[in-house]
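Visitor: In the working numbering, each residue's number is its place in the sequence shown (first place is 1) plus 25.
By construction, the Cβ of each residue, glycine as well, lies at the ideal position given by its N, Cα and C atoms.
Here the structure is a predicted model, which means the values were calculated and not measured.
Here you go, one structure.
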Amino acid sequence: MKFYDKNKKQFVEFGDSFIEQYAKAYYYPENGEIIQPLIKRLSRCSQYSEREIDSLLESGIKNEEDVVHILAWKIGKIAHKKCTPQNPFSYSSDWADLENYDKWACHSSTIRLRKNQFPIKEIAEYVLANLNHWEKDIKQNNWFGVLEDFNNTKREKGWHGLGTVYCITLLYFISKGKYPIFDQFADKALDVISQNKEAFPNANDKKYEPIPSDLPTKDEKKDEKKMGEFKERYDRYCKKIETLKSQLSDRYRDPQNRDLDRALWVYGHIKCAGDVRK
């Protein structure tokens, strides 16, 4: 397996050097100086919020506000440039009330997400109420049961905005990294590296198979095939990650080390926006 080295302008064998080249570009520098080359159209992340996210992955979800932090982080509602050591989760303007979660939760239960009201407080409470039995499911490798619970509950309650990718994100933290987070840019990077390709699929490329935004219901027999297809789709993604991890040193194989995720995210964005050699 190879990746495209931005300095040597050629394919090189995949390994720790991939992490060293691309994971650093995931962050905004703490001192405000951009040491690494600025990647056009790449929104970087605060090192302060990322440390908190890493801590949540290690310790597990403890309260409702942890769930809010995770969802805001994944959805892209963290104002990374404004984050500080004292305030590692600064929110974008349309979610600013969440910076004082306790106060906000007393008088509101939803937040705006695109054209819908996103029931973030109800989702957070639901996660906390079900953590114990989901942790048991995960010990039995029943990861799909966790996603089914999310899927059935959001249908029953009429929740809008909680797509499959966000449910997998919560599964990632509930399992403390056992089941990987899903990202389309990381997924495209995985395909290119594993197949030694130079060209990336663009956003409109029909050859790229996105993960479904909703799971089929388990009560409908006609959806059994779709369930199998979804399980196979996510299982392929997990196996590609494990294959890459097998070529890395021990520190990057740790399921709670996110440097491979960060590097894949950056590499996928670079290649989808334009060739890495530019």
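Helix or strand or just coil, what does DSSP make of Tyr277?
Guide: Helix at Tyr277.
Visitor: Considering only residues of the same chain and omitting the five flanking positions on each side of Pro113, which have a CB-CB separation below 6 Å?
Guide: For Pro113, where only same-chain residues beyond five positions count, the Cβ hits under 6 Å are Tyr73, Ser74 and Glu77.
Visitor: Straight-line CA distance for Val37 to Lys265?
Guide: Taking the straight line joining both Cα atoms gives about 18 Å.
Visitor: In whole angstroms, what is the alpha-carbon distance linking Ser274 and Lys128?
Guide: Straight-line Cα distance between these residues: approximately 45 Å.
Visitor: Applying the 10 Å Cβ sphere with the 16-neighbour rule, what's the burial state of Ala149?
Guide: Under this definition Ala149 is a buried residue.
Visitor: Closer than 8 Å is the cut-off here; do at least three beta carbon pairs connect the stretch 177-193 with the stretch 267-281?
Guide: In short, these stretches do not touch, since the Cβ pair count stays below three.
Visitor: Let me confirm a value: Thr194 is counted as buried when at least 16 other C-beta atoms fall within 10 Å, else exposed. Which label applies?
Guide: Thr194 comes out buried.
Visitor: Since Arg76 sits in a beta bridge, which residues does DSSP pair it with?
Guide: Paired residue(s): none; Arg76 is not in a bridge.
Visitor: How should Ser68 be labelled, buried or exposed, when 16 other C-beta atoms within 10 angstroms of its C-beta is the threshold for buried?
Guide: Exposed, by the Cβ-count rule.
Visitor: Along the chain, where does the beta strand (DSSP E) that runs through Leu138 open and close?
Guide: Here the beta strand (DSSP E) through Leu138 covers Ile136 to Leu138.
Visitor: Residues in its own chain within less than 6 Å of Pro62 by CB, not counting five upstream and five downstream?
Guide: Because Pro62 sits at a pLDDT of 48, beneath the cut-off of 50, its placement in the model cannot be relied upon, and the point is left open.
Visitor: Is it true that the CB of Glu147 sits closer than 9 Å to the CB of Trp184?
Guide: Cβ atoms of Trp184 and Glu147: closer than 9 Å.
Visitor: Excluding the five sequence neighbours on either side, which residues of its own chain have a C-beta within less than 6 Å of the C-beta of Ile136, listed in chain order?
Guide: These residues qualify, in order along the chain: Trp120, Phe143 and Ile145.
Visitor: Return the CA-CA distance between Tyr53 and Gly85, expressed in angstroms with no decimal places.
Guide: Answer to the nearest angstrom: the Cα atoms are 25 Å apart.
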